[in-house]
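Inspection log for the structure reproduced underneath, given as structure tokens.
Residue numbers (this note's numbering): 5 to 136.
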């Protein structure tokens with residue numbers, strides 16, 4: 005009986021179990037959306053180019069586009085566009101603008117941002133070394 009109660013508690017916040025892992029491009033995109041979303045801006049959404057720029061400059065994901073902005077942008081745009089098919093979408097899309105869903109706002113709470121944390125720091129260091 006206790007096990008089923010624990011399972012129910014874990015199931016209360018589906019976004020928590022589907023939150024992206026630090027070091028992933030999806031995590032960097034979610035972090036960028038959190039950083040760029042403000043109360044007034046959130047209504048209109050955040051532009052794709054701003055998200056890509058913020059994620060590339062502040063993120064820790066190592067991608068095929070680390071040395072090539074066009075490739076990085078392609079990968080980030082793919083991540084942005086595929087979110088609508090996620091079991092628990094963390095953002096929604098309207099043309100080239102994106103808005104955090106309630107689950108996306110919840111998934112970002114308590115997560116390190118901008119590559120913070122041990123794994124994020126290691127990935128950011130590796131990423132900087134590759135660019136140098």
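Glycine included, each C-beta is placed from N, C-alpha and C at the ideal position.
#1: Would you call the CB atoms of residue 34 and residue 24 closer than 7 Å?
#2: I'd like to confirm the pairing. Which residues does DSSP put opposite residue 33 in its beta bridges?
#3: Using 10 angstroms around the beta-carbon of residue 61, count the other beta-carbons present and answer buried if the total reaches 16, otherwise exposed.
#4: Should residue 32 go down as buried or exposed, given a rule of 16 or more other Cβ atoms within 10 Å for buried?
#5: Figure out for me which residue from 49, 41 and 37 has the closest Cα to the Cα of residue 101.
#6: Please work out which residues of its chain come closer than 8 Å, Cβ to Cβ, to residue 29, disregarding the five sequence neighbours upstream and downstream, and give them in chain order.
#7: How many angstroms separate the CA atom of residue 98 from the CA atom of residue 51?
#8: May I have a chain-ordered list of the alpha helix (DSSP H) segments no shorter than 4 residues that lie completely inside the stretch 24-107?
#9: Suppose you measure from the CA of residue 139 to the CA of residue 104; what does that come to, to the nearest Å?
#10: State the Cα-Cα distance for the pair residue 111 and residue 94, rounded to the nearest angstrom.
#11: How would you label residue 91, buried or exposed, when you count the other beta carbons within 10 angstroms and need 16 or more for buried?
#12: According to the Cβ coordinates, are residue 54 and residue 37 closer than 7 Å?
Reading off the structure:
#1: yes
#2: Note: residue 33 sits in no beta bridge, so no partner.
#3: exposed
#4: buried
#5: 49
#6: 59, 63, 65, 67, 79, 80 and 83
#7: 10 Å
#8: 29-40, 43-48, 52-62 and 73-86
#9: Since the first residue shown for the chain is 5 and the last is 136, residue 139 is missing from the structure and cannot be characterised.
#10: 8 Å
#11: exposed
#12: no
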